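Engineer: Using numbering that gives the first Met the number 0, you'd call the opening residue of the sequence shown number 0 and step up by one each time. All C-beta atoms in this analysis are idealised placements derived from N, C-alpha and C, irrespective of residue type, glycine included. It should be emphasised that the depicted structure is a prediction, and the values quoted were computed from it without experimental measurement.
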Amino acid sequence: MSGNITFTMIKPEAVSDGYSGAITEKIETAGFEIIAMKMTRLSNNRAGEFYMVHKDRPFYSSLCDYMSSGKIIAMVLKKDNAVEDYRTLIGATDPEKAEEGTIRKLYAKSLQSNAVHGSDSDENAKIEAGFFFSDLELFID
Ligand code: IDP
Ligand code: MG
0 MSGNITFTMI
10 KPEAVSDGYS
20 GAITEKIETA
30 GFEIIAMKMT
40 RLSNNRAGEF
50 YMVHKDRPFY
60 SSLCDYMSSG
70 KIIAMVLKKD
80 NAVEDYRTLI
90 GATDPEKAEE
100 GTIRKLYAKS
110 LQSNAVHGSD
120 SDENAKIEAG
130 FFFSDLELFI
140 D
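#1: Can you tell which of 101, 87 and 10 has its C-alpha closest to the C-alpha of residue 39?
#2: Specify the secondary structure class of residue 101 as computed by DSSP and reduced to three states.
#3: For residue 14, report the span of its alpha helix (DSSP H) as first-last.
#4: Would you mind sorting residue 17 into buried or exposed? The rule is 16 or more other CB atoms within 10 Å of its CB.
#5: Report yes if the C-beta of residue 119 is less than 7 Å from at least one heavy atom of the ligand IDP; otherwise report no.
#6: Measure the CB-CB distance between residue 132 and residue 49 and report whether it falls below 8 Å.
#7: Counting beta carbon pairs with one atom in the segment 95–107 and one in the segment 20–30, are three or more of them shorter than 8 Å?
#8: With a CB to CB cut of under 6 Å and the five nearest residues on each side skipped, what residues in its chain are close to residue 135?
#9: Using a threshold of 8 Å, state whether the C-beta atoms of residue 13 and residue 91 are closer than that.
#10: Pick out whichever of 84, 110 and 54 has its Cα sitting closest to the Cα of residue 28.
#11: Starting from residue 40, follow its DSSP beta bridges and name the residues at the other end.
#12: Could you tell me whether any non-hydrogen atom of the ligand IDP is closer than 7 Å to the CB of residue 28?
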């Protein structure tokens, strides 16, 4: 059975461009409950830890620089079928390939600066949420 939790980050350029409110509204309108939320900034090392799965990819170092370049907003979201439904809401990794109306189509600047992160599995959603929120057991069933 699929889980009801996913994790998202609003990435630096979407925050600095002032899209946090519009993105958050889109998330809530789509039926996700925000059960944890934090504005913070990642160091280059913390960004590297978060994206460790991509450490051998050519874009890794640039991605870590980008993700530590400014404030981000981390959120834990709750909804039935959360991981899959949120990936549908945000659209393809490359905004040029994202469907009309998706968050990345609306607010991304480039493949790297693609507005938001979304977990790719129930297991990673819990790991990623735990990366930012130490009190997870209080609000995840
Ligand atoms: P996802 O965010 O849609 O799950 P991943 O493949 O997990 O996509 O990649 C993580 C992040 O790395 C992407 O959201 C994007 O910011 C960046 N990224 C992925 N592929 C490339 C690339 O080919 N060039 C530059 N950045 C990339
Ligand atoms: Mg991913």
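Structural biologist: According to the structure shown:
#1: Taking the first residue of the sequence shown as 1, we reach residue 39 at position 40. Taking only the C-alpha atoms, the option nearest residue 39 is 10.
#2: Mapped onto the sequence shown, residue 101 falls at position 102. Coil, per DSSP.
#3: Position 15 of the sequence shown, counted from the first residue, corresponds to residue 14. That run of the alpha helix (DSSP H) goes 11–15.
#4: The residue labelled residue 17 in the question sits at position 18 within the sequence shown. For residue 17, the number of other beta carbons within 10 angstroms of its own is below 16, and it is reported as exposed.
#5: Reading the sequence shown from its first residue, position 120 is the one you call residue 119. The answer is yes for residue 119.
#6: Numbered from 1 along the sequence shown, position 133 holds the residue referred to as residue 132. Numbered from 1 along the sequence shown, position 50 holds the residue referred to as residue 49. Contact flag unset, no.
#7: With the rule of 3 Cβ pairs closer than 8 Å, the segment 20–30 counts as touching the segment 95–107.
#8: Counting from one through the sequence shown, the residue named residue 135 turns up at place 136. Cβ within range, chain order: 128 and 129.
#9: As a first step, residue 13 must be located in the sequence shown, where it is residue number 14. As a first step, residue 91 must be located in the sequence shown, where it is residue number 92. Against a cut-off of 8 Å, the Cβ pair of residue 91 and residue 13 comes out as no contact.
#10: Position 29 of the sequence shown, counted from the first residue, corresponds to residue 28. Residue 84 is the option with its Cα nearest to residue 28.
#11: Taking the sequence shown and counting its residues from 1, the one referred to as residue 40 is at position 41. Residue 40 pairs with 70.
#12: If you number the sequence shown from 1, residue 28 lands on position 29. Residue side-chain check: residue 28 keeps its Cβ at 7 Å or more from all non-hydrogen atoms of the ligand IDP.
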